[in-house]
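There are 2 protein chains.
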Amino acid sequence: MRVAAFIVASVIAAQPLDLRSSVTTWVDAHQKPVLQELLQLLAIPNVAADRPNIRRNAEKLQQMLAARGFKAELLETDGNPLVYGDLNVPGASRTLLLYCHYDGQPVQPTAWKQPSPFTPVLRRGRLADHADFVDPASVDRVQPDWRIYARSASDDKAPIVAILAAIDALKSAGHAPTSNVRIVLDGEEEASSPSLPSAIQRYRDKFRADLMVIFDGPEHSSGRPTIAFGARGMVTADLTVFGPMSGVHSGNYGNWIPNPAQRLATLLASMKDENGHVLVAGFYDGIAPFTDDEKAMLDAVPDDNDRMLQAFGVAAPEQAFPRLQYALQFPTLNVRGLVSAYVGDGARTIIPDRATAALDLRLVKETPPEDVLRKLRDHIEKQGFHLVDGEPDAATRAKYSRIASLVPNGLSFRAFRTPASDPQAHALVAAVTAVYGAPPVQLRTLGGTVPIDPFIDALGFPAVLVPIVNFDNNQHDENENLRLGTFFDGIVTVAAILRM
Amino acid sequence: MRVAAFIVASVIAAQPLDLRSSVTTWVDAHQKPVLQELLQLLAIPNVAADRPNIRRNAEKLQQMLAARGFKAELLETDGNPLVYGDLNVPGASRTLLLYCHYDGQPVQPTAWKQPSPFTPVLRRGRLADHADFVDPASVDRVQPDWRIYARSASDDKAPIVAILAAIDALKSAGHAPTSNVRIVLDGEEEASSPSLPSAIQRYRDKFRADLMVIFDGPEHSSGRPTIAFGARGMVTADLTVFGPMSGVHSGNYGNWIPNPAQRLATLLASMKDENGHVLVAGFYDGIAPFTDDEKAMLDAVPDDNDRMLQAFGVAAPEQAFPRLQYALQFPTLNVRGLVSAYVGDGARTIIPDRATAALDLRLVKETPPEDVLRKLRDHIEKQGFHLVDGEPDAATRAKYSRIASLVPNGLSFRAFRTPASDPQAHALVAAVTAVYGAPPVQLRTLGGTVPIDPFIDALGFPAVLVPIVNFDNNQHDENENLRLGTFFDGIVTVAAILRM
């Protein structure tokens with residue numbers, strides 16, 4: 008039997024919505040202890056570099072898992088520990104590996120509109136709407152639009168607490184998960200998980216599963232439950248074109264000494280056409296035309312393109328990729344920053360000594376980082392540039408009239424993409440569809456990047472992303488927040504997955 | 008009789024070199040008082056914004072002029088006073104207007120390798136060669152390679168002192184100038200002379216002359232006496248391409264939301280070809296092919312192109328303008344700075360909200376600023392951009408998919424160019440040629456800019472530049488300096504001009 012590429016409303020099995028109502032009822036009755044557990048966890052600072060507090064987080068999480076019957080332990084790594092839990096369900100024929108991270112982005116405390124990013128506060132709405140504070144101890148029930156403001160409120164502590172609350176809710180209704188559940192909580196995700204690849208090798212057996220479920224990122228902007236079958240990868244690099252050894256007077260030498268900012272502009276222009284189509288040879292190689300199923304999946308995403316464009320103040324998208332979901336299926340070449348000499352008050356009338364473009368390239372499954380970088384280097388050389396590592400020396404300067412460097416920075420991550428037809432992924436989507444009585448938003452590829460390719464590499468299982476926090480959570484920025492109605496719905500989504 | 012376009016060695020009249028030897032002898036005997044006068048002048052801070060010290064400079068200069076028999080006065084303006092002196096010579100049939108400026112560039116005192124930029128120091132050579140200090144009071148004679156380090160040592164107080172020393176030297180030999188001499192000392196040149204145009208109108212009659220001689224800028228790098236018949240003008244502007252209202256996530260929206268840094272690169276690339284030839288329509292309009300005389304003049308400049316390229320660490324010049332003197336005869340379009348979002352440690356994976364290129368355009372006589380800016384705006388519009396003043400509003404953002412601004416900043420100055428065949432300019436070159444027994448380096452156009460077009464506009468006389476300080480004087484930068492051998496030779500050059 009052909010497995011449908013993705014689930015549409017017409018094929019939903021008529022399943023009872025008992026699970027939804029029983030979990031919702033439990034959550035309504037247990038708002039206070041659930042929020043209490045989240046607030047306590049958010050009060051422990053969790054920047055990856057803060058080793059003592061990271062360990063306090065890890066120990067607290069180990070206790071929280073153990074309290075739910077997980078065999079819980081800390082897996083030591085070359086960096087911060089992984090928190091690991093194993094919950095065996097007698098008779099289960101499937102094992103799920105749930106992934107979250109317990110570290111958060113660095114903070115700039117003075118930019119937060121509260122005493123500290125690690126003193127979570129409850130507001131009767133959005134900070135942007137000037138919502139008041141409420142003392143969580145003084146309220147028995149919160150409203151769906153109320154929000155908690157704290158670092159990692161959404162990214163990524165809320166999903167951890169949602170998983171545990173879902174287990175509690177199921178237990179209260181006399182249910183256990185229908186799959187064995189393994190959970191791994193990363194303590195370095197916001198620092199690019201440097202210790203993860205070796206740790207996966209070391210503890211390989213603990214991560215074996217039939218499906219990996221990543222709880223991270225914001226749900227679709229429509230506010231509907233969301234499943235993503237993949238995420239783009241990324242590689243970043245600085246492209247520098249070298250000019251004279253130091254800036255020279257633009258009057259005394261203008262027209263004669265070549266200008267590296269102009270040459271960088273010409274080089275960047277050679278990489279992309281006016282419509283946003285990348286011109287680097289082979290850049291899109293291996294990406295097959297979309298099948299009808301794939302097109303149907305992309306077309307079904309309820310993006311409100313016009314509303315998004317209006318929100319961003321942009322009249323029209325790139326003409327090569329007029330629809331967002333299609334745009335996200337291709338790799339990008341993005342100039343994320345430019346610098347050469349000075350602009351503004353410090354501007355001087357010089358020919359600059361160099362010009363640099365900071366690039367990020369988002370990748371798809373067909374375009375691994377090393378291939379893309381090689382093609383980019385080939386392109387730069389084809390434009391007549393001699394590529395150097397570091398600074399060009401005098402001999403190089405005397406020999407080559409066009410000199411550039413392309414320096415990768417940070418880690419690179421490959422894309423992953425689980426086929427929508429994968430039986431495990433399909434079962435998960437079916438379970439979420441059944442509990443809500445409507446299919447979730449199903450994304451073929453998230454535009455952003457999650458550093459989970461080490462798992463995929465080592466273990467090869469299918470993986471899906473289940474984002475369960477509000478899309479406007481200020482993730483990575485100051486005043487990160489969690490909308491509580493979205494969080495409570497997320498507990499239902501997790502329960503559906505545990506019962507898939 | 009046809010006046011030769013410029014003077015070559017073969018046409019030098021066999022004139023006695025008496026003037027040179029008598030001035031040189033006087034300078035040798037009066038090194039100490041000449042340097043003393045320069046050091047005292049350099050000790051008075053002279054940043055244009057420092058009004059009390061500017062006035063101290065002006066009053067001191069008025070006294071110095073009066074001591075040489077000038078009818079000296081301060082001409083009040085809307086800003087800093089002009090110092091003016093008038094020396095009538097009975098029977099003279101020519102009036103020269105000598106121009107220098109007494110203000111200097113702003114200073115960053117901590118970057119100077121001496122207690123203060125306004126505490127001049129004497130070194131036995133170049134700071135770059137770690138030359139020692141010498142107490143000027145302890146030496147009776149200095150060596151030609153010794154240097155004074157102080158703000159305005161070269162730019163532009165040394166020429167003022169050289170003019171007065173030349174008058175003293177002539178007087179000592181029983182000579183007066185052969186022309187009436189008017190001198191005007193600008194107190195705001197480094198601040199773009201904002202009060203000069205109205206002051207010229209106001210004191211118009213005081214500036215009437217047959218030839219204006221501008222003593223400013225460095226002599227040719229060959230170290231030979233130098234005359235320039237003109238200078239390029241300049242206009243500066245910031246070109247901004249607007250993107251989304253604020254930076255957006257390069258993963259979530261990459262390929263879909265257009266990138267303003269990429270579009271700025273494409274726009275800049277459309278303005279100039281790979282050889283450095285500007286593609287803006289009409290950019291070079293009005294510039295006639297060089298005559299044989301003009302070519303001979305350009306070819307006679309003893310530029311050591313290879314040595315300059317090597318010093319700058321550049322393998323080859325722009326292919327459109329392979330020889331420096333020819334390059335300087337054309338207008339430029341120079342990217343003096345670029346900025347968009349962040350590069351380096353602060354880099355974020357975003358599509359930036361905007362990208363800006365700071366441009367300076369050097370101009371020639373045929374390309375006035377307003378024309379060039381209009382052509383540049385036309386070019387930007389032809390590339391599909393809607394030009395705005397300031398920030399685009401929501402309605403503009405909704406209507407136009409490509410939005411940019413071109414904002415001129417600072418003052419613009421037109422180029423000037425006195426024909427090499429001008430009789431007054433020719434007489435000046437002949438006088439300098441006679442005193443040295445060889446023609447000076449004759450530049451058709453200096454690449455840089457001097458703000459003297461208000462004089463040319465109001466009074467229309469021919470003007471030439473006579474730079475008499477060392478080319479490596481660190482002008483405008485910290486540790487500005489004056490090579491004393493060059494300065495003493497400059498006194499000879501001025502004497503030749505006063506006796507032309």
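Chains as they are written, first to last, in this note's numbering: chain A, 8 to 507; chain B, 8 to 507. Ideal placement from N, C-alpha and C gives every residue a C-beta, glycine not left out. These numbers were taken from a predicted model, which means no experiment stands behind them.
Suppose only complete runs of 4+ residues qualify. What are the alpha helix (DSSP H) ranges in the stretch 227 to 288 of chain A, listed by chain order? 257 to 260 and 267 to 278
Tell me whether the stretch 446 to 459 of chain A and the stretch 112 to 123 of chain A touch, counting them as touching only if at least three CB pairs, one residue from each stretch, are closer than 8 angstroms. no
Neighbour list for residue 275 (chain B) in chain A, Cβ cutoff strictly below 7 angstroms: Stepping through the second sequence from its first residue, residue 275 (chain B) is reached at position 268. By Cβ distance, chain A contributes 269 and 272.
Expressed to the nearest angstrom, what Euclidean distance is found between the alpha-carbon atoms of residue 17 (chain A) and residue 232 (chain A)? Taking the first residue of the first sequence as 1, we reach residue 17 (chain A) at position 10. Taking the first residue of the first sequence as 1, we reach residue 232 (chain A) at position 225. With a pLDDT of only 43 at residue 17 (chain A), under the threshold of 50, the placement of this residue in the model should not be trusted, and no figure is reported.
Does DSSP put residue 346 (chain A) in a helix, in a strand, or in coil? Position 339 of the first sequence holds residue 346 (chain A). Three-state result, residue 346 (chain A): strand.
Could you tell me the distance, in whole angstroms, from the CA atom of residue 131 (chain A) to the CA atom of residue 149 (chain A)? The residue labelled residue 131 (chain A) in the question sits at position 124 within the first sequence. The residue labelled residue 149 (chain A) in the question sits at position 142 within the first sequence. In this structure, the CA atom of residue 131 (chain A) is about 8 angstroms from the CA atom of residue 149 (chain A).
Consider the Cβ of residue 335 (chain B): report whether some Cβ of chain A lies at a distance smaller than 8 angstroms. Locating residue 335 (chain B) in the second sequence gives position 328, where the first residue counts as 1. So, interface residue.
Taking 8 angstroms as the threshold (beta carbon to beta carbon), is residue 256 (chain B) in contact with chain A? Here the question's residue 256 (chain B) lines up with position 249 in the second sequence. Closer than 8 angstroms: yes.
Would you mind giving the Cβ-Cβ distance between residue 31 (chain A) and residue 506 (chain A), rounded to the nearest angstrom? I have them listed as a contact below 8 angstroms. Residue numbering aside, residue 31 (chain A) sits at position 24 when the first sequence is read from its first letter. Residue numbering aside, residue 506 (chain A) sits at position 499 when the first sequence is read from its first letter. Their Cβ separation, rounded to whole angstroms, is 14 angstroms, which puts residue 31 (chain A) and residue 506 (chain A) out of contact at 8 angstroms.
How would you label residue 158 (chain A), buried or exposed, when you count the other beta carbons within 10 angstroms and need 16 or more for buried? On the first sequence, residue 158 (chain A) is found 151 positions in, with the first residue counted as 1. Residue 158 (chain A) should be labelled buried.
Which residues of chain A have a Cβ atom closer than 9 angstroms to the Cβ of residue 252 (chain B), listed in chain order? By one-based count along the second sequence, residue 252 (chain B) stands at place 245. Chain order gives the chain A residues near residue 252 (chain B) as 318, 319, 320 and 321, where near means a beta carbon separation below 9 angstroms.
Would you mind stating whether residue 416 (chain A) and residue 225 (chain A) have Cβ atoms separated by less than 8 angstroms? As a first step, residue 416 (chain A) is located in the first sequence; it is residue number 409 there, counting from the start. As a first step, residue 225 (chain A) is located in the first sequence; it is residue number 218 there, counting from the start. No, Cβ-Cβ distance for residue 416 (chain A) and residue 225 (chain A) is not below 8 angstroms.
Tell me which same chain residues have a C-beta within less than 6 angstroms of the C-beta of residue 25 (chain A), skipping the five on either side of it? Looking up residue 25 (chain A) in the first sequence gives position 18. Once the five neighbours on either side are set aside, residue 25 (chain A) has no close Cβ partner at all.
Using a cut-off of 8 angstroms between C-beta atoms, extract the partners of residue 67 (chain B) located in chain A. Within the second sequence, residue 67 (chain B) is the residue found at index 60, counting from 1. Within 8 angstroms Cβ-Cβ: nothing; residue 67 (chain B) doesn't reach chain A, min ~30 angstroms.
Close Cβ partners of residue 113 (chain A) (< 6 angstroms) along its chain, the five nearest in sequence each way excluded: Here residue 113 (chain A) refers to the residue found at position 106 when the first sequence is read from its first residue. Once the five neighbours on either side are set aside, the close Cβ partners of residue 113 (chain A) are 54.
Nearest to residue 303 (chain A) by CA position, among A:427, A:163 and A:360, is which residue? Taking the first residue of the first sequence as position 1, residue 303 (chain A) is located at position 296. When each option's Cα is compared against that of residue 303 (chain A), the closest is A:427.
7 angstroms Cβ shell around residue 296 (chain B) - same chain, five flanking residues per side excluded: Taking the second sequence and counting its residues from 1, one reaches residue 296 (chain B) at position 289. No residues qualify anywhere along the chain.
Test item: CB-CB of residue 251 (chain A) and residue 283 (chain B) under 8 angstroms: As a working mapping, residue 251 (chain A) is identified with position 244 in the first sequence. As a working mapping, residue 283 (chain B) is identified with position 276 in the second sequence. No. Outside cutoff.
Let me see if you follow: with CB-CB separation under 8 angstroms, is residue 184 (chain B) close to chain A or not? By 1-based counting over the second sequence, the position of residue 184 (chain B) is 177. No, residue 184 (chain B) does not count as interfacial toward chain A.
Under 7 angstroms Cβ to Cβ from residue 169 (chain B), same chain only, skipping five residues before and after it: list those, please. Residue mapping note: residue 169 (chain B) aligns to position 162 of the second sequence, counting from 1. These residues qualify, in order along the chain: 475, 494, 497, 498 and 501.
Inter-residue spacing [alpha-carbon to alpha-carbon] between residue 423 (chain B) and residue 235 (chain B): Within the second sequence, residue 423 (chain B) is the residue found at index 416, counting from 1. Within the second sequence, residue 235 (chain B) is the residue found at index 228, counting from 1. Take the alpha-carbon of residue 423 (chain B) and the one of residue 235 (chain B): they are about 11 angstroms apart.
Selected residue, minimal CA-CA separation from residue 341 (chain A), among B:351, B:331 and B:258: By 1-based counting over the first sequence, the position of residue 341 (chain A) is 334. Ranking the options by Cα distance to residue 341 (chain A), first place goes to B:258.
Comparing C-alpha positions only, which one of A:143, A:383 and A:396 sits nearest to residue 285 (chain A)? Taking the first sequence and counting its residues from 1, the one referred to as residue 285 (chain A) is at position 278. Among A:143, A:383 and A:396, the Cα nearest to that of residue 285 (chain A) is on A:383.
State yes or no: is the beta carbon of residue 331 (chain B) nearer than 8 angstroms to at least one beta carbon in chain A? Position 324 of the second sequence, counted from the start, is the residue given in the question as residue 331 (chain B). Residue 331 (chain B) counts as touching chain A.
By Cβ distance, which residues of its chain are closer than 7 angstroms to residue 375 (chain A), with the 5 residues on each side in sequence left out? As a working note, residue 375 (chain A) is residue 368 in the first sequence. The residues are 421.
CA-to-CA distance, residue 434 (chain A) to residue 20 (chain A), given in whole angstroms: Translated into the one-based positions of the first sequence, residue 20 (chain A) becomes position 13. Translated into the one-based positions of the first sequence, residue 434 (chain A) becomes position 427. Residue placement at residue 20 (chain A) cannot be trusted, given a pLDDT of 42 that sits under 50; what the coordinates show is reported in the next sentence. Straight-line measurement puts the Cα of residue 434 (chain A) at about 12 angstroms from the Cα of residue 20 (chain A).
Excluding sequence positions up to five away, which residues of its chain have a Cβ less than 7 angstroms from the Cβ of residue 275 (chain A)? One-based indexing of the first sequence puts residue 275 (chain A) at position 268. Correct list, in chain order: 342 and 364.
Start-to-end residues for the alpha helix (DSSP H) that takes in residue 70 (chain B): Translated into the one-based positions of the second sequence, residue 70 (chain B) becomes position 63. From DSSP, the alpha helix (DSSP H) with residue 70 (chain B) extends over 58 to 74.
Proximity winner among B:174, B:336 and B:279, relative to residue 240 (chain B) (alpha-carbon distances): In the second sequence, residue 240 (chain B) corresponds to position 233, counting from 1. Nearest option by C-alpha distance: B:336.
From residue 361 (chain B) to residue 444 (chain B), what distance separates their C-alpha atoms? Your numbering for residue 361 (chain B) matches position 354 in the second sequence. Your numbering for residue 444 (chain B) matches position 437 in the second sequence. Looking at the two C-alpha atoms, the distance is approximately 59 angstroms.
Since residue 490 (chain B) meets chain A, which of its residues come closer than 8 angstroms, beta carbon to beta carbon? Residue mapping note: residue 490 (chain B) aligns to position 483 of the second sequence, counting from 1. Residues of chain A whose Cβ lies closer than 8 angstroms to the Cβ of residue 490 (chain B) do not exist, since the nearest Cβ in that chain is about 18 angstroms away.
Does the beta carbon of residue 388 (chain B) sit closer than 8 angstroms to a beta carbon anywhere in chain A? Counting from one through the second sequence, the residue named residue 388 (chain B) turns up at place 381. No, its Cβ sits nowhere closer than 8 angstroms to a Cβ of chain A.
With DSSP as the reference, please indicate the residues paired to residue 361 (chain A) in a beta bridge. Within the first sequence, residue 361 (chain A) is the residue found at index 354, counting from 1. In DSSP, residue 361 (chain A) forms a bridge with A:249.
Extent of the continuous alpha helix (DSSP H) run through residue 154 (chain A): As a first step, residue 154 (chain A) must be located in the first sequence, where it is residue number 147. Note, residue 154 (chain A): premise wrong, no alpha helix (DSSP H); beta strand (DSSP E) at 154 to 156.
Taking residue 416 (chain B) as part of the beta strand (DSSP E), name the residues at either end of that continuous run. Along the second sequence, read from residue 1 onward, the residue named residue 416 (chain B) stands at position 409. Residues 410 to 420.
Using the rule of at least 16 other Cβ atoms within 10 Å of the residue's Cβ for burial, across every protein chain shown, is residue 381 (chain B) buried or exposed? Residue numbering aside, residue 381 (chain B) sits at position 374 when the second sequence is read from its first letter. Per the 10 Å Cβ criterion, exposed.
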